[in-house]
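Chemist: Quick note on this note's numbering: the sequence shown kicks off at 438 and runs consecutively. Okay, handing you the structure first.
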Amino acid sequence: MKNKIVLLWVLLVFVLTQFSCSNDLEDNVKLLKKVVETSEEGTSETTLFSYNGNEIVSIEGAEKRTDFTYTDGLITKMQTLNKKNQLLETIEYSYLKGKLSLVQSLGNYRIKYIRNSDKTVSYERFTIISTNQQVKEFHGILYFGNENLIKDNRILDNVNAGVISNYSVSYDYDVEKNPMINVTGFRELLNQNEKISLNNTLISTVITTVSKDDQISSSAIMYKSFYTYDLENYPKERVSETAIFANGNSGYLKTQYFY
């Protein structure tokens, strides 16, 4: 009888230990709460992230806020508003068997995605001219490896006759955790580029090639980033000498991540 009691106590301790470890793992699932970006001149901009569980509710910056809508665990709408709560843009996401098939920025553009047998994704982007008219901007292929987007290769369609214009960007990664990795449904948003990847971008290489009348011109630009990480292998700081800003310019940028 005494041996049975001892055995029951051992089993109880084991179960409680497993339960505690499980809770600890859940507690260690980090969500990005704040990003502070600082330019070379010392100007800072703060972006705040809010959640409902692991579902993102909004991303709010100094000038605008983006609200997210979910359906069955997938992000189906993003609405961007200014500080006066005036609607700036609505983007709707459609899925086929849980995979992104269509992105529509209402009144602006449309992107169609097709999954290929070799695990690449083909896409086409159209500019919406009117209700009954759209113009094809470009088409391309997304390549993946180790749960990361490793290359986006596209051909521009809206160019002059006789001109062939190619744009390609490839990504090299670290082996640490992307700050957005735990956000439900975010990794399905193929139009978010390398942000959907498992790891963090160390080098982005952009190559452009234009061919006309048997004359070919090309250029290559490399963007590098350097990270420091916390004890759980999430980035806490990123420094880039050639970050690309919203206005298209590039320069020094320090990004700090808070969870």
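Built from N, CA and C at the ideal position, the CB exists for glycine as well. As the structure is a prediction and not an experimental result, all values here were calculated from the model.
Under the three-state reduction of DSSP, which class applies to Phe623: helix, strand or coil?
Modeler: Reduced to three states, the DSSP call for Phe623 is helix.
Chemist: Is there at least one Cβ from chain D nearer than 8 Å to Glu631's Cβ?
Modeler: Within the model displayed, chain D is absent; a lone protein chain is all it includes.
Chemist: Classify Leu694: buried if its beta carbon has 16 or more other beta carbons within 10 angstroms, exposed otherwise.
Modeler: A small fix is needed here, since residue 694 is Tyr in this sequence, not Leu. It counts as buried.
Chemist: Among the residues of its own chain, which have a CB less than 6 Å from the CB of Ile681, if the five just before and after it don't count?
Modeler: Cβ within range, chain order: Ser687.
Chemist: State the Cα-Cα distance for the pair Ser677 and Asn569, rounded to the nearest angstrom.
Modeler: When rounded, the distance between both Cα atoms is 43 Å.
Chemist: Taking buried to mean at least 16 other C-beta atoms within 10 Å of its own C-beta, is Leu690 buried or exposed?
Modeler: Label assigned to Leu690: buried.
Chemist: Considering only the alpha carbon of each residue, which of Lys470, Ser634, Thr646 lies closest to Phe486?
Modeler: It is Lys470 whose Cα lies nearest to the Cα of Phe486.
Chemist: Distance, Cα to Cα, Val620 vs Thr527?
Modeler: Straight-line Cα distance between these residues: approximately 20 Å.
Chemist: Please state the DSSP three-state secondary structure of Ile618.
Modeler: In the structure shown, Ile618 sits in coil (DSSP, three-state: anything other than H, G, I, E or B).
Chemist: Is it right to say Ile493 is buried, meaning 16 or more other beta carbons lie within 10 angstroms of its own, or is it exposed?
Modeler: Ile493 is buried by the Cβ-count criterion.
Chemist: Would you check if the distance between the CB atom of Leu579 and the CB atom of Val606 is smaller than 8 Å?
Modeler: It is not a contact, given that the beta carbons lie outside the stated cut-off.
Chemist: Starting from the C-beta of Ile565, find all residues in its chain whose C-beta is less than 7 Å away, skip the five residues before and the five after it, and write them out in chain order.
Modeler: If we look at Ile565 and ignore the five residues flanking it on each side, its Cβ neighbours are Gly544, Asn545, Tyr546, Arg547, Gln571.
Chemist: Taking only runs of the alpha helix (DSSP H) that begin and end inside the region 630–695, which ones reach a length of at least 4 residues, in chain order?
Modeler: Entirely contained in the region 630–695, not one alpha helix (DSSP H) run reaches 4 residues.
Chemist: Could you give the distance in angstroms between the alpha-carbon of Glu631 and the alpha-carbon of Lys661?
Modeler: Their Cα atoms are separated by approximately 14 Å.
Chemist: Between Leu511 and Tyr532, is the Cβ-Cβ spacing less than 8 Å?
Modeler: Against a cut-off of 8 Å, the Cβ pair of Tyr532 and Leu511 comes out as a contact.
Chemist: Could you work out which residue in Tyr560, Lys520, Asn590 is closest to Leu626 when comparing CA atoms only?
Modeler: When only C-alpha atoms are compared, the closest one is Tyr560.
Chemist: For Leu586, is the classification buried or exposed, using 16 other Cβ atoms within 10 angstroms of its Cβ as the cut-off for buried?
Modeler: Label assigned to Leu586: buried.
Chemist: What do you reckon, are the CB atoms on Asn522 and Glu500 nearer than 8 Å?
Modeler: No, these two residues do not count as a Cβ contact at 8 Å.
Chemist: In the DSSP assignment, the beta strand (DSSP E) including Ser542 goes from what residue to what residue?
Modeler: Unbroken beta strand (DSSP E) run through Ser542: 536–542.
Chemist: To which residues of the same chain is Met555 closer than 6 Å at the C-beta, ignoring the five residues directly before and after it?
Modeler: The sequence given here has Asp at residue 555, not Met. If we look at Asp555 and ignore the five residues flanking it on each side, it has no Cβ neighbours.
Chemist: Might you give, ordered along the chain, the residues of its own chain that have their beta carbon closer than 8 Å to the beta carbon of Ser700, omitting 5 neighbours on each side?
Modeler: Any question about residue 700 goes unanswered here, given that the chain covers just 438 to 696.
Chemist: Determine the direct distance from the alpha carbon of Lys549 to that of Val540, and round the result to whole angstroms.
Modeler: In a straight line, the C-alpha of Val540 is about 7 Å away from that of Lys549.
Chemist: Among the residues of its own chain, which have a CB less than 8 Å from the CB of Ile618, if the five just before and after it don't count?
Modeler: Correct list, in chain order: Arg624, Leu635.
Chemist: Which stretch, first to last residue, makes up the beta strand (DSSP E) that contains Thr527?
Modeler: Counting along the chain, the beta strand (DSSP E) containing Thr527 begins and ends at 524–533.
Chemist: Taking the alpha carbon of Asn597 as the point to measure from, which residue in Ile658, Glu477, Tyr507, Val647 has its own alpha carbon closest?
Modeler: That would be Val647, whose Cα lies nearest to the Cα of Asn597.
Chemist: Identify, in the order they occur along the chain, each residue of the same chain with its Cβ nearer than 7 Å to the Cβ of Asn637, setting aside the five sequence neighbours on each side.
Modeler: If we look at Asn637 and ignore the five residues flanking it on each side, its Cβ neighbours are Tyr610, Asp611, Glu613, Asn615, Tyr664, Pro672.
Chemist: If Ser656 sits next to Thr642, beta carbons under 8 Å apart, how far is it from one beta carbon to the other, in whole angstroms?
Modeler: 11 Å between Cβ atoms; not a contact.
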